[in-house]
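One structure is given below, encoded as structure tokens.
In the numbering used here, the protein residues as written are -4 to 248.
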């Protein structure tokens, strides 16, 4: 009888230990990945490339896209070292090597100490040169949305509004552009900052905001896989910053 009475507390203690261990396992943070972005040229086409790097610092894959349609083409990673082989779903492959800034001291180039990549895309008898410049890097959970720090809507919906803004601005459509602005809009130019309170005021100041240099910067920018900081997404080299409700700031070159 005594043995039976003593077995209860022992069993309860064992259950508690197992429950604590299970809770500890569940409490461990999920491994994050890095996403490294590049932009450049493949053949005669402007392209973007995003690589996914796991916690062991191994490139696991990614995607690339053409700037004229912004549709992701998945890539699988192969051989890695001072270069990288990436395989596309159509049988094509990218053979790339890391490039430095020109001030390297003989150290082997890797993703961490390089400024870009160059090489060739190959499929059958076709071959095109590739030159890519590193643009940025972010870190987060593998299944995290790209713009989750900016908006609760889908990445596709957010980018669509950015793309609508760029098309409207380049077309000179003042009313359409204003629909994708979160007023008051901050405008920075020549070290001075001002705000535009409404669509009517934007229309009145249009030529002072959307200068030829500003429009050229917007035209060159790629509104996909954009850099995110402080709850906003950066178009190009920072010509326009977008928040959850639209364009929040324009930096006139």
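Glycine is no exception: its CB is placed at the ideal position from the N, C-alpha and C atoms.
query: DSSP state of residue 77, grouped into three classes?
result: coil
message: Only counting the same chain, and skipping five residues up and downstream in sequence, which positions put a Cβ closer than 6 Å to that of residue 171?
response: 163
- prompt: Mind checking whether residue 117 and residue 90 have CB atoms under 8 Å apart?
  reply: By the CB criterion at 8 Å, residue 117 and residue 90 fall inside the cutoff.
field: Three CB pairs or more closer than 8 Å across the stretch 238 to 246 and the stretch 51 to 69
entry: The stretch 238 to 246, when compared against the stretch 51 to 69, does not touch it at the 8 Å Cβ threshold.
- request: Going by DSSP, name the residue or residues bridged to residue 247.
  value: Paired residue(s): none; residue 247 is not in a bridge.
- request: Return the chain-ordered list of same chain residues with a C-beta closer than 6 Å to the C-beta of residue 46, the five sequence neighbours on each side being excluded.
  value: 31, 54 and 57
task: Just mark residue 124 as buried or exposed, buried being the case when its beta carbon has 16 or more other beta carbons within 10 Å.
output: That one is exposed.
- prompt: To which residues of the same chain is residue 111 closer than 8 Å at the C-beta, ignoring the five residues directly before and after it?
  reply: The residues are 33, 35, 93, 94, 126, 127, 128 and 129.
task: Identify the continuous alpha helix (DSSP H) that holds residue 158 and give its terminal residues.
output: 150 to 166
message: Mapping the DSSP letters down to three states, classify residue 198 as helix, strand or coil.
response: Helix.
message: What residue range does the beta strand (DSSP E) around residue 106 cover?
response: Element bounds for residue 106: n/a, residue is neither H nor E.
message: At the level of alpha carbons, what is the spacing between residue 191 and residue 180?
response: Answer to the nearest angstrom: the Cα atoms are 5 Å apart.
Separation of residue 205 from residue 194, as counted between CA atoms: 14 Å
message: Taking the alpha-carbon of residue 153 as reference, which of 226, 232 and 49 has the nearest alpha-carbon?
response: For residue 153, the nearest C-alpha among the options comes from 226.
task: Report, in whole angstroms, the separation of the C-beta atoms of residue 48 and residue 106, which I expect to be a contact under 8 Å.
output: 7 Å
field: Where the beta strand (DSSP E) through residue 218 begins and ends
entry: Segment: none, residue 218 is in no beta strand (DSSP E) and carries neither H nor E.
query: From what residue to what residue does the alpha helix (DSSP H) around residue 169 run?
result: 169 to 173
- prompt: Who are residue 70's beta bridge partners in DSSP?
  reply: 57
- request: Using 10 angstroms around the beta-carbon of residue 234, count the other beta-carbons present and answer buried if the total reaches 16, otherwise exposed.
  value: buried
query: Where residue 103 and residue 217 are concerned, what is the direct C-alpha to C-alpha distance, given to the nearest angstrom?
result: 31 Å
field: Beta carbon of residue 42 nearer than 8 Å to that of residue 133
entry: no
message: What would DSSP say about residue 239, mapped onto helix, strand or coil?
response: In this structure, residue 239 counts as coil in the three-state DSSP scheme.
query: To the nearest whole angstrom, what separates the beta carbons of residue 213 and residue 161, a pair I think is in contact under 8 Å?
result: 5 Å
- prompt: By DSSP, does residue 65 sit in helix, in strand, or in coil?
  reply: coil
field: Given residue 76 as reference, the closest of 84, 86 and 108 once Cα atoms are compared
entry: 108
query: What are the residues that DSSP puts in a beta bridge with residue 227?
result: 224
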